[in-house]
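All remarks here apply to the structure that follows.
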Amino acid sequence: MTATPKRAPALGDLTAIELKDGGYDTAVLPVGATEFHGAHLPFSTDTIAAETLAHRFAWEIGTAVVLPPVSYGMSLHMLNWPWSLSLRPETLTNVIIDIAESLLKHGLERLLVVTAHDGNPPCAENAARELNDRHGMAVAIFGGWQGMAQRLLAGTEFDIDEDHGGRSEMSMTLYAAPGLARQDRAVDLPIQNATEPVNVRGPFSNVVPHGYSGAPSQGSAAEGEAIVDALAAEVGPFLRNLAANGWMNGSWMSDIEPPAPENDPRHSSAR
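If you count the sequence shown from 1, you need to add 261 to reach my numbering.
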């Protein structure tokens, strides 16, 4: 039997008194998507994953509060599928900027953006750079949970693949929101991700004609729990170190001694 996913304090659940007494110094923003995931997974699949990971990472930080999720992502490539909804890249970028600038008004300068949809990270990165340039705000970004989980769990019984609407997303949904997963409807399909060295970007239907790929029938709540635990074990120490070092990007390098001048390739004598 799987454990209940860990939940950190959520801004939407707090009163002003609880927020004041909480001593929170970091906000965590889940950014998901609303898009087609076949007959077996809900349109909120990516938002469920983003919220689940946001809560776990906030719990790992210990002084973080989870913001209400952004449930629309950059999903222009999914619009060939019914009821998939998208924000333009510049719109999503500005939504993140607007939320962050609101936090700054209240004196909160640390933001972690947790995205669980592959169209979102470029927008989050653009927002982070803009916020740093305008305000010096420290914005951290987590994305690519499937690829990281695949690497961390390789060789275990949970040897997952990157997919859309497949095994890993079924596992995450069974773990975090089991009432929304319809595994009885799952039909497994070959994984058809575009992984060539050079890709021509276009509608997702060019790559995945049925709107999803992978083996959702093989997913399990236990696998979803293993995915979240593995990601937390990998990311948690980094986030705690980041917090301990003033939320400065690259603070992990503080223990690295600089090269001696004679060994520095930029030094004229080392050429």
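Note that the Cβ used here is the ideal one computed from N, Cα and C, for glycine as well.
Relative to the alpha-carbon of residue i, which residue among the options has its alpha-carbon at the smallest distance?
| i | options | result |
| --- | --- | --- |
| alanine 505 | His378, Ala310, Thr287 and Arg395 | Thr287 |
| threonine 324 | Leu372, Thr434 and Leu392 | Leu372 |
| aspartate 420 | Tyr285, Ser481, Arg268 and Gly472 | Ser481 |
| isoleucine 452 | Val496, Pro477, Thr265 and Glu296 | Pro477 |
| leucine 500 | Ala483, Pro383, Ser429 and Phe403 | Phe403 |
| aspartate 445 | Leu272, Arg268, Leu302 and Thr265 | Leu302 |
| threonine 417 | Phe297, Ala442, Gly334 and Ile488 | Ile488 |
| serine 332 | Gly408, Ser363, Gln407 and Ser347 | Ser347 |
Residue i lies in the beta strand (DSSP E); which residues open and close that run?
| i | result |
| --- | --- |
| leucine 372 | 371 to 376 |
| proline 291 | 287 to 292 |
| alanine 401 | 399 to 403 |
| alanine 544 | As displayed, the chain neither begins before 262 nor continues past 532, which places residue 544 out of reach and without an answer. |
Would you call residue i buried or exposed, if buried means 16 or more other Cβ atoms sit within 10 Å of its Cβ?
| i | result |
| --- | --- |
| tryptophan 344 | exposed |
| arginine 306 | It is threonine, not arginine, that sits at residue 306 in the sequence shown. By the 10 Å Cβ count, threonine 306 comes out buried. |
| aspartate 379 | buried |
| proline 330 | buried |
| histidine 367 | exposed |
| asparagine 381 | buried |
| methionine 262 | exposed |
| isoleucine 358 | buried |
| aspartate 274 | exposed |
| serine 336 | buried |
| histidine 528 | Its pLDDT being 49, under 50, histidine 528 is placed unreliably in this model, and the value from its coordinates should be taken loosely. By the 10 Å Cβ count, histidine 528 comes out exposed. |
| threonine 354 | buried |
| glutamate 312 | buried |
| glycine 397 | exposed |
| methionine 339 | buried |
According to DSSP, is residue i helix, strand or coil?
| i | result |
| --- | --- |
| isoleucine 278 | helix |
| glycine 440 | helix |
| leucine 450 | strand |
| glycine 408 | helix |
| glycine 334 | coil |
| glycine 475 | strand |
| threonine 434 | helix |
| leucine 340 | coil |
| alanine 300 | strand |
Hey, could you find the ends of the alpha helix (DSSP H) residue i is sitting in?
| i | result |
| --- | --- |
| isoleucine 357 | 350 to 366 |
| phenylalanine 499 | 482 to 505 |
| phenylalanine 318 | 306 to 322 |
| arginine 268 | Premise fails: arginine 268 is in no alpha helix (DSSP H) and is neither H nor E. |
| asparagine 387 | 382 to 396 |
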